[in-house]
Structures are given as C-alpha cells and as structure tokens.
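A.B. asks:
Chains as they are written, first to last, in the working numbering: chain H, 26 to 256; chain S, 186 to 606.
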C-alpha cells in the first residue's frame, strides 16, 4: 500500500458549543506499516484526534485522509463502516463487553464488518490463533470477559483489534492499567503482532518511557496548536 | 448485518437475568389479566347467548325484563310473582305460537334449581348453536315423581337413572324444609349443554303441584300429610307457573305477539325478546366491563413502564459498553436497533408467557366457572380478538421501547468512542 496510513493537514475541530477549537493540527503523517509513539498528556486533544481518525467525529475543516480515504467526505454510516473495516482500537481499560466471552469479544469486529470476517477466514480459527500468539489459554476464552484479569482483558482487546487484519491499529493508553512488568510484555506482543500483520500502529500514551521501542515518536502538544498549556 | 445484533441482544438480556426475569413476569401477568378480562367477557356473553337460542319470547309476570330473563333462564335471583297457568295455556293456543314450554320455579335439590315443566321442554328448547337437547342416559320424565337431571347435577352428585332424590322447598343450599315424604326417581340424564340446564333438576308441573299439596304459603300445613301414593286422587293441574318459553310459527310476528301479550287484559303479563333483553343486560354491565378492561390496560401500561425503567436505568451503566460497540464500528443506528430489539424482545416474550399463563389458568378454572357461574370458557390459546389485543400490547411495547433506544442513540452520538461522564 503506497498511501500513508494517516495524513492530516490543517485539521481543525471544535466541540459543539465550545468557543475555540480544541484541535488544530497543521500537518501530521503516519506512514504505512509505521509504528508511531504519540506522546499525549491529558488535555492535549488526544481523545479528539483519535475520534477524528476513527471517523466518529467529523472535522470542522482541513484534510483527513486515513488509508487513502478522505474521511471528512464520508457520511456518518460510511465512516462507521470504514472504522469497522479498517481500524482496530484498544482503550486504556474496560475494553470488553463484560457479558460476552473472551472469544466472542475477539470475534466482535467480524460481526460488524463482513470485510474483516472475510479476511479472517475461519473466524473461530483466527480467534484461536490470535489468542495463542497473545498467551491466552483456550480455557480462558470461554469465560465471560468480566472474570478475566486486567492483563488478560488487555490481551483480549489487542486480539480483537488485530482480528481480520485491519490496516491501522489505534491504541489509547493500553498499558496504563498494567504494572511495569506486564506493560513490557504486552507492548512486545502488540508490536510483534502489528509487524506480523503489516498494520500501522498509532500508539498514544503519556508515558515517555515506552517511546524507545517504536519506529518514531511525536508529541501531540507540539502538533496541536490549540492545546491548552499544562503543567 | 442484523444477525450479530441478535447475538448481542440475547447475551445482554441474559447478563441482567434477575431484573429481566422480574420484568418478564410483570408483563406476563399484566397481559394474562388483560386477555383474561377480555376472554371472560366474551365467553360470558357467548354462554348467555347460547342459553336462549331458539326461544323467541319469554312470558312472565310484569316487572323488569332483565330480571325475568335472569330468573327464568339463568336461575339468577327469584321470581317475585308468578302468573295464572290458564293465561299461559291460552297463549299456547294462539295461532302464531308454535310451541310453549311453561316453567315453574321455587324448589331446589342440594343447591340445584328444580324446574317444573312439561316434556315439551326436551322437544323445543335449543342451546348453543340451536342444538336440541339430548339424553346422555335414560329418558324424559313420565310419572309424577320422575325427574330428569342436567349433566352437571349428575356428575357432581353421581346420579344415574334409577337414583332416588328428595327435593327441598326454596332455593337455599341448606334448605331445612324438605319434601322428604315424596321422593323422586331419576329417569334421565341430559347431555352437557354449557348452559344453566346442566345445573337443573327437571320435573313435571304435576310434580310441583303434588309436593305442595299439603303446603301453604311456604310452610307445611300443620296436621295435614298427604302420602305420595294418594296424590293421584287430587287434581294436579297446575294453577300458577313462573314463566313460559315461547317459539313462534313465524319470527316476523314476534313484535306483534309481544305487544299483544303486554297489552292483554287481566293479570298483568309481560313478554320479552331474550336477545334484546340480553343486549340490555350487557348495556347495564357494559360500563363495569369497560372499567375492568381499562384497569387491565393500565396494568399492562404499568408493566411496560417497568420494562422501560429497567432498560433505561441499565443504560448509564452500559454507556461504556455502547462506546466500545461504537469503536468496533457500530453506528448510532445499530445502537438504536440493539436497545430497541432488547425491549421489544422482552415485551413479546412477556406477552407470549402471559398467553400461556392464561391458557393454563383458563384450563384450570373452566370447570369451576362452569359450575359456579354457568360461564363456559372455550378452550383456546388465542382467538382473533385476543390476538388483536396482544398485537396492541406489542405495538405499545415498541413505542415504549423508543425511550431507551432514543436515549442510547443520543449517548452514542455524544460519547463517540469514549465515555465522557
């Protein structure tokens, strides 16, 4: 894929009713296959940026190309479909639907995206393969997600983000609820899986200690001209 | 891609088992109540209508038409006055009258009404869809002390032709005054009709005269005792009867004959059209029926409100879940459909549970209703009318479900992929 994974220019967004823009980025690019660490303390517009790239929010102005598609030009349902088809997302915590089993949680994106289901092929085999890669025993997957430990939940979330080989994986502070030892292990697994799948990774965190393991790092406070100045 | 949402819906419902179960029970009970009231009302009307099929006019002492209908046909209440048997006999010879069956009421047998009549009763009275009476066993009465019992009486008291029974004076269940000196023999048992006839003991008019030979004004004449074997020496021609059922040669003459009877000279008589009087009765009780229906409809509304409350109160706890679904590619529309289908599924399941509950209840209570109130419940799961009610409940459920679904839709638009509380 020759196109960049994410390419923004002059991107602006203002929450409805807000007096001034909360996001104003002149230029930002994530290359295809690149693994980027984006340093984003709270208040830097991190959530807004991820929602824009995910197609949940629509920019007020500027260009927003994700995987070669101009998202600002798509309507709501098509942005939802685009997100379902091409983007895997991992949150900080509480990533899972508590009443579904681990396996059902991993398979969930295939239920919303026929394209990812098709790419995954045999969905239950794909679930088993990803679970094995991420050190999740098969017995654990049958249990409801609410019964898993936080570390196990994050690995299930990673497997869910990776199933059906989305071209872009967005991770929003996925390690902050894990202790230091588990952080390393989880990060290693995530980076390895993204590389194996050929997915671009946009990893957002306030924890600069993790930055060294990525291809490149950037700071959202420098990118975002609208960011509030914080201590 | 609607199938995956079903999977989510079911898992989500299972997850909140207790609250969901209780909501389901509330809806089931309210639906059973609503459909039960409707069923009882319709079946009661059908049972009553079945009891007077084929009778064109009922004649009796002047008074309220509804009360004449109630005591003559349905054995509810007592006649306050009787009429001259000769007047009734004269009516029988009227050229428009095809048949006339006199009724003499006032005695009972272990709580069941005794009806003094003629054998014409078995030939002319129709029940249900104009079905003639049939004997399940034996035959009509012939001798003075012969009796025919209805199906319910025979079943409840274990009577078969040949059984000896004693009649009591008055209609009370525990009547102290018995006609013990003049026992009757059961000669026939009628097949079940689903009408008050099932709960009747039928004897000849002469029998009524015979057992009251030594009575006057409701009690035994002191010192006078006429043994059964001597009654044939007396004139047993009835002098008074309570009412008469009349069938006409031509139905078109019914209003003319009614006017004629009502206007006739002598002791005041009244003739009623049973169908018209039944309608009048239903108009009287119609207000109560409507009130009952309204109350049951409100109970259903309360059930649905409970459902909405349960789902809405679960929503704030589920905002994160909805945000996750959004991140996975679910559109706000998907979220709407998810919440909608959850409530509608619950309401529909509750409704179906209610139908089953009603079915079980009506199967269980039908014999009691028949025995105590003469209302025959037609065994069925759901008839057309009830289906309409059920459909109305489901439509109401769909409308009520819009509340949580719309809220969830708003949440998912506002929250996007993250929960901002």
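Ideal Cβ positions, reconstructed from N, Cα and C, are used throughout, including at glycine. For clarity, every value in this text was computed on a predicted model and none was experimentally measured.
1. What number of angstroms, rounded off, separates the C-alpha of residue 468 of chain S from the C-alpha of residue 223 of chain S?
2. When we look at the beta-carbon of residue 335 of chain S and count the other beta-carbons within 10 Å, is it buried (16 or more) or exposed?
3. Going by DSSP in three states, residue 493 of chain S sits in which element: helix, strand or coil?
4. Does residue 102 of chain H get closer than 8 Å to chain S when you measure Cβ to Cβ?
5. Give every residue of the same chain whose Cβ lies closer than 8 Å to the Cβ of residue 214 of chain H, excluding the five residues on either side of it in the sequence, and list them in chain order.
6. Following the continuous beta strand (DSSP E) through residue 149 of chain H, name the residue where it begins and the one where it ends.
7. For residue 363 of chain S, name the three-state secondary structure that DSSP assigns.
8. Taking 8 Å as the CB-CB limit, is residue 191 of chain H close to chain S?
9. Comparing the C-beta of residue 124 of chain H with each C-beta of chain S, is any distance below 8 Å?
10. Just to confirm before moving on: does the CB-CB distance between residue 239 of chain S and residue 379 of chain S stay below 8 Å?
11. Can you grab the Cα-Cα spacing for the pair residue 245 of chain S / residue 366 of chain S, in whole Å?
12. Taking 8 Å as the limit between beta carbons, can you name the residues of its chain near residue 555 of chain S, skipping five residues before and five after?
13. Touching or not, the stretch 465-479 of chain S and the stretch 298-312 of chain S, by the rule of three or more beta carbon pairs under 8 Å?
14. So residue 173 of chain S and residue 291 of chain S are in contact, right, with Cβ under 8 Å, and what is the actual spacing, rounded?
15. Restricting to Cα atoms, I'd like to know which of S:266, S:544 and S:550 is closest to residue 213 of chain S.
16. Do the CB positions of residue 531 of chain S and residue 205 of chain S come within less than 8 Å of each other?
17. Is there at least one Cβ from chain H nearer than 8 Å to residue 202 of chain S's Cβ?
18. Just checking: is the beta-carbon of residue 42 of chain H within a distance shorter than 8 Å of some beta-carbon in chain S?
19. Under the rule that 16 or more other beta-carbon atoms within 10 Å means buried, what is residue 476 of chain S, buried or exposed?
20. If you run the structure through DSSP and keep just helix, strand and coil, what is residue 53 of chain H?
21. Since residue 119 of chain H meets chain S, which of its residues come closer than 7 Å, beta carbon to beta carbon?
22. Just to confirm, are residue 434 of chain S and residue 269 of chain S a CB contact at a threshold of 8 Å?
23. Could you tell me whether the Cβ atoms of residue 60 of chain H and residue 226 of chain H are closer together than 8 Å?
24. What did DSSP end up calling residue 278 of chain S once you bin it into helix, strand or coil?
25. Between which two residues does the beta strand (DSSP E) carrying residue 38 of chain H extend?
26. What whole-angstrom Cβ distance do residue 223 of chain H and residue 58 of chain H have, given they're in contact under 8 Å?
27. Bridge partners for residue 405 of chain S per DSSP, in chain order?
28. Which residues does DSSP pair with residue 312 of chain S in a beta bridge?
29. I need the boundaries of the beta strand (DSSP E) containing residue 417 of chain S, first residue and last residue.
30. Indicate whether the contact test is met: 3 or more Cβ pairs, each with one atom in the stretch 98-118 of chain H and one in the stretch 129-146 of chain H, closer than 8 Å.
31. What number of angstroms, rounded off, separates the C-alpha of residue 406 of chain S from the C-alpha of residue 480 of chain S?
32. Does the beta-carbon distance from residue 376 of chain S to residue 311 of chain S come in below 8 Å?
33. In the DSSP assignment, what are the bridge partners of residue 287 of chain S?
34. Taking just the CA atoms, how far does residue 522 of chain S sit from residue 510 of chain S?
35. Whose C-beta lies closer than 7 Å to the C-beta of residue 255 of chain H among residues of the same chain, with five residues either side of it excluded?
36. Select from S:355, S:438, S:386 and S:415 the residue whose C-alpha is nearest the C-alpha of residue 341 of chain S.
C.D. replies: Let's see:
1. 16 Å
2. buried
3. helix
4. yes
5. 158, 159, 160, 180 and 183
6. Careful: residue 149 of chain H lies outside any beta strand (DSSP E), inside the alpha helix (DSSP H) at 148-158.
7. strand
8. no
9. yes
10. no
11. 31 Å
12. 337, 379, 383, 561 and 562
13. no
14. Summary: the structure shown does not reach residue 173 of chain S, with chain S confined to residues 186 through 606, and so no result is reported for it.
15. S:544
16. yes
17. no
18. no
19. exposed
20. strand
21. 505
22. no
23. yes
24. coil
25. 31-38
26. 6 Å
27. S:400
28. S:316
29. Segment: none, residue 417 of chain S is in no beta strand (DSSP E) and carries neither H nor E.
30. yes
31. 54 Å
32. no
33. S:429
34. 13 Å
35. Only weak support is given to the placement of residue 255 of chain H: the predicted model assigns it a pLDDT of 43, under 50, and the value that follows is read from those uncertain coordinates. These residues qualify, in order along the chain: 66 and 68.
36. S:386
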